[in-house]
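Chemist: Per full-length UniProt numbering, residue 1 is the first one in the sequence shown, and the count goes up by one each step.
The beta carbon of each residue, even a glycine, is placed where N, CA and C say it ideally should be.
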Amino acid sequence: MFISTTLTFLSLLVFSGSLETLVRRKKRAENQNPQFLTFQKTYLATQFVILLADWLQAPYNYKLYSSYRYTEQQIVIIFVLGHAISIILTPFANYAADMYGRRLIVCLALALYSLSSLLKVVNDYSTLLISSIMASCASLLIFSSSQGWYTHEHIESHDFPMEWISDTLEKVSFWSGSLSVLAGVISYLLADLFSFNPVAPFLASIPLMILALCMSWSNWTENKSLNRSVKFSKSCVNGIREIVSNRAVLLCGTLQALFEAVISIFVFLWTPVLDKHGPPLGLVFATFMAANLAGSRVNSLMVLKYKNITIRDTLFGMKLVF
């Protein structure tokens with residue numbers, strides 16, 4: 001199992017690297033504005049540390065709970081409760097960031113995430129439930145607030161063109177995939193090769209989160225919503241009205257929800273399905289992420305070659321493949 005997993009991982013890694021080379025050759029010249037590049041690097045440096053810390057926890061999440069001898073039903077409750085709390089708190093997260101400052105919320109969330117990771121060492125079901133809730137809340141706050149911080153700074157503070165935002169988001173997407181592969185390998189080294197237990201990747205993520213906290217606090221300027229007089233209830237009503245009245249938003253949200261549901265089911269099931277065969281879970285995860293990275297590069301090539309390609313065309317092509 002180890003040999004086949006390693007060979008598959010290396011093959012996908014080479015394939016992804018080849019695709020990335022093709023993408024870079026076909027892409028237009030990158031933005032060379034020095035002020036924009038400096039600002040972008042300030043954001044990306046912190047974001048990459050956050051992403052690596054977050055991805056480190058993914059490969060052995062289920063394995064950690066099963067190593068504590070909890071049943072599949074008990075583990076399901078931990079997963080579902082975390083997701084449910086995250087959904088419920090989404091409107092509050094955006095409102096809190098707007099009102100109290102996005103940098104402050106990111107730093108507090110990183111501290112909360114670090115504490116939740118530390119609680120993973122406690123083999124107590126109630127404590128693990130609390131840890132899962134804390135991690136879900138922290139993850140939601142970190143990523144929504146950090147992206148909001150970047151967008152606000154990009155438009156309001158620096159007055160850069162809106163089109164340049166996509167350049168930063170594309171880099172975040174690519175490096176998120178690359179860092180997820182790296183995280184899988186690191187977690188394998190910590191949990192399997194060096195014979196530490198599955199909690200090791202969670203503990204390894206704590207110093208990275210603390211580093212990200214220090215970087216964001218020292219390098220980011222605080223920003224808040226320019227329209228803080230809007231009440232929370234009115235903000236929610238406006239959001240619901242936009243979803244209902246705008247067919248494109250409703251369709252996009254529905255597709256995203258269905259996709260996330262499928263991914264969540266897969267995330268929960270892959271470990272118990274494969275674990276009985278004794279695979280290196282970290283390398284298996286890295287293989288999945290290398291395949292995901294290859295898919296994103298294929299999509300980039302399609303967009304570059306076929307400028308007018310639509311979602312419908314993409315979905316039809318996927319149906320033909322499967």
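1) Any contact between the region 184-202 and the region 13-31? By contact I mean 3 or more CB pairs, one from each, below 8 Å.
2) Count the CB pairs spanning the region 202-209 and the region 44-55 that are closer than 8 Å, and state whether there are at least three.
3) Given a cut-off of 9 Å on the beta-carbon distance, is the pair Ala279 and Ala183 in contact?
4) Short of 6 Å in beta carbon distance, which residues of its chain neighbour Leu283, apart from the five on each side in sequence? Order them along the chain.
5) Have a look at Ser66 and Asn197 and give me their C-alpha separation to the nearest angstrom.
6) Within 8 Å, do at least three Cβ pairs link the region 70-85 to the region 132-150?
7) Quick one, which of Leu141, Ala200 and Asp98 has its alpha-carbon nearest Leu119's?
8) Around the C-beta of Val106, are 16 or more other C-beta atoms found within 10 angstroms, so that it is buried, or is it exposed?
9) Where are the alpha helix (DSSP H) runs, 4 residues long or more, that stay fully inside the region 70-115, in chain order?
10) Restricting to Cα atoms, I'd like to know which of Met289, Asn238, His158 and Tyr95 is closest to Gln40.
11) Given that a residue counts as buried once 16 or more other Cβ atoms are within 10 Å of its Cβ, and exposed if not, what is Val321?
12) Which two residues bound the contiguous alpha helix (DSSP H) that contains Ala200?
13) Taking DSSP as the reference, what is the three-state secondary structure of Lys63?
14) Is Lys319 buried or exposed, if buried means 16 or more other CB atoms sit within 10 Å of its CB?
Modeler: So, from the data block:
1) no
2) yes
3) In the sequence shown, counting from the first residue as 1, residue 279 sits at position 279. In the sequence shown, counting from the first residue as 1, residue 183 sits at position 183. Just to set this straight, residue 279 is Pro in the shown sequence, not Ala. The answer is no: Cβ separation not under 9 Å.
4) Here residue 283 is taken as the residue at index 283 of the sequence shown, counted from 1. Cβ neighbours of Leu283 beyond the five flanking positions: Thr5, Phe9 and Tyr188.
5) As a first step, residue 66 is located in the sequence shown; it is residue number 66 there, counting from the start. As a first step, residue 197 is located in the sequence shown; it is residue number 197 there, counting from the start. C-alpha separation (whole angstroms): 12 Å.
6) yes
7) Along the sequence shown, one-based indexing puts residue 119 at 119. Leu119 has its Cα closest to that of Ala200, out of Leu141, Ala200 and Asp98.
8) Stepping through the sequence shown from its first residue, residue 106 is reached at position 106. With 16 or more other Cβ atoms within 10 Å, it is buried.
9) 72-100
10) As a working note, residue 40 is residue 40 in the sequence shown. Checking every option, the nearest Cα to that of Gln40 belongs to His158.
11) Counting from 1 along the sequence shown, the entry for residue 321 is found at position 321. Low per-residue confidence applies at Val321: pLDDT is 45, beneath 50, and the placement is therefore not dependable, though the value from the model is reported in the following sentence. Burial call: exposed.
12) Reading the sequence shown from its first residue, position 200 is the one you call residue 200. It spans Ala200 to Asn219 - the alpha helix (DSSP H) in which Ala200 sits, taken as one unbroken run.
13) What you label residue 63 is simply residue 63 of the sequence shown in a count that begins at 1. Helix, per DSSP.
14) Position 319 of the sequence shown holds residue 319. Summary for Lys319: the model assigns pLDDT 44, below 50, so the residue's position carries little reliability; its value from the coordinates is reported in the next sentence. Result: exposed.
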